[in-house]
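Peer 1: This structure is in structure tokens; I'll ask about it shortly.
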Amino acid sequence: NTNISEDCLYLNIWVPQKFRLRHRGSEPPNNGDKNGLPLLVWIYGGGFMSGTATLDVYDADIMAVTSNAIIASMRYRVGAFGFLYLNKHFTNSEEAPGNMGLWDQALALRWLRDNAAAFGGDPDLITIFGESAGGSSVSLHLISPVTRGLVRRGILQSGTLNAPWSYMTGEKANEVARILVDDCGCNSTMLQENPARVMACMRSVDAKTISVQQWNSYWGILGFPSAPTIGGIFLPKDPLDLLREA
Numbered sequence: 002n003t004n005i006s007e008d009c010l011y012l013n014i015w016v017p018q019k020f021r022l023r024h025r026g027s028e029p030p031n032n033g034d035k036n037g038l039p040l041l042v043w044i045y046g047g048g049f050m051s052g053t054a055t056l057d058v059y060d061a062d063i064m065a066v067t068s069n070a071i072i073a074s075m076r077y078r079v080g081a082f083g084f085l086y087l088n089k090h091f092t093n094s095e096e097a098p099g100n101m102g103l104w105d106q107a108l109a110l111r112w113l114r115d116n117a118a119a120f121g122g123d124p125d126l127i128t129i130f131g132e133s134a135g136g137s138s139v140s141l142h143l144i145s146p147v148t149r150g151l152v153r154r155g156i157l158q159s160g161t162l163n164a165p166w167s168y169m170t171g172e173k174a175n176e177v178a179r180i181l182v183d184d185c186g187c188n189s190t191m192l193q194e195n196p197a198r199v200m201a202c203m204r205s206v207d208a209k210t211i212s213v214q215q216w217n218s219y220w221g222i223l224g225f226p227s228a229p230t231i232g233g234i235f236l237p238k239d240p241l242d243l244l245r246e247a
């Protein structure tokens, strides 16, 4: 029920009016100010296949006022656009590395931390919270070497890193990606000898076609075709192993 676009990487920020007025003026913000409001950062769910921060139910006007906190939410890429994984075919390349959606979230969190003081927030009082895939994302950020220590707290709602749908192995993700490549008419058998040609073909496919075809590899109850993938910098090993080491 919302417009869909690959141009989706935007933030929403709600600052209580009484605090916003204090920070309005010509003087630059004091970046060393540690007396700002805490930040609550929402990550939406949708099985890593759908979702947006612009739904009416995610409007945080009242929450910002009643909680006396700054509320923020971010959008991130979902489905094949956010998690397509063909890493084994692209050595030292950024082509289809998987986990792009998690990197989107990480960039938003880092931006919020770096700029919190500019809108009255305390960069050391950031809590991330999310539901379903958002909850799983929260737990992954708390253990990933990329984002561990970036926020103070996390709240997980109906989704955690040990849910069977919250991540997949590189082998499974590669299998899912090859099915999508074939369903989009780009011939996955060419990945071995000419992966760049295959990716050029995929880029020529209409985004709506990819959004529909990606569901063909749905593999049972809660077996969503897209999920965080083990492998790479963000998730270098099984999340449960990272949790034990945290």
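Those letters in the sequence shown? Residues 2 to 247, per the working numbering, in order.
Note that CB positions come from ideal geometry on N, CA and C, so glycine has one too.
Everything numeric in this text was worked out from a predicted model, so none of it was measured.
Using a Cβ-Cβ cut-off of 6 Å (strictly less than) and excluding sequence neighbours within five positions of residue 64, which residues of its own chain qualify?
Peer 2: 72
Peer 1: Distance, Cα to Cα, residue 194 vs residue 9?
Peer 2: 33 Å
Peer 1: Per DSSP, which residues does residue 15 bridge with? Please list them.
Peer 2: Residue pairing by DSSP places residue 15 opposite 72 in a beta bridge.
Peer 1: Under a Cβ-count criterion, where at least 16 other Cβ atoms within 10 Å of its own Cβ denotes burial, should residue 245 be classed as buried or exposed?
Peer 2: Residue environment: residue 245 is assigned as exposed (fewer than 16 neighbouring CB atoms within 10 Å of its CB, all protein chains considered).
Peer 1: So who's on the other strand from residue 43, going by DSSP bridges?
Peer 2: The secondary-structure analysis by DSSP pairs residue 43 across a beta bridge with 74, 130.
Peer 1: Alpha carbon to alpha carbon, how far is residue 66 from residue 204? Give it in angstroms, no decimals.
Peer 2: Cα to Cα, residue 204 sits roughly 44 Å from residue 66.
Peer 1: Rounding to the nearest angstrom, what Cα-Cα distance links residue 143 and residue 16 in this structure?
Peer 2: 25 Å
Peer 1: Could you spell out where the alpha helix (DSSP H) holding residue 214 opens and where it closes?
Peer 2: From DSSP, the alpha helix (DSSP H) with residue 214 extends over 208-214.
Peer 1: Please return the same chain residues whose Cβ sits closer than 8 Å to the Cβ of residue 186, not counting the five positions on each side in sequence.
Peer 2: 202, 206
Peer 1: Check each candidate in 45, 171, 4 and name the one with the smallest Cα separation from residue 59.
Peer 2: 45
Peer 1: In whole angstroms, what separates the C-alpha of residue 188 from that of residue 196?
Peer 2: 10 Å
Peer 1: According to DSSP, is residue 196 helix, strand or coil?
Peer 2: helix
Peer 1: I think residue 167 touches residue 137, with their Cβ atoms under 8 Å apart; what is that distance to the nearest whole Å?
Peer 2: Indeed they touch by this definition, with Cβ atoms about 4 Å apart.
Peer 1: Would residue 113 pass as a contact of residue 127 if the rule is Cβ separation under 9 Å?
Peer 2: yes
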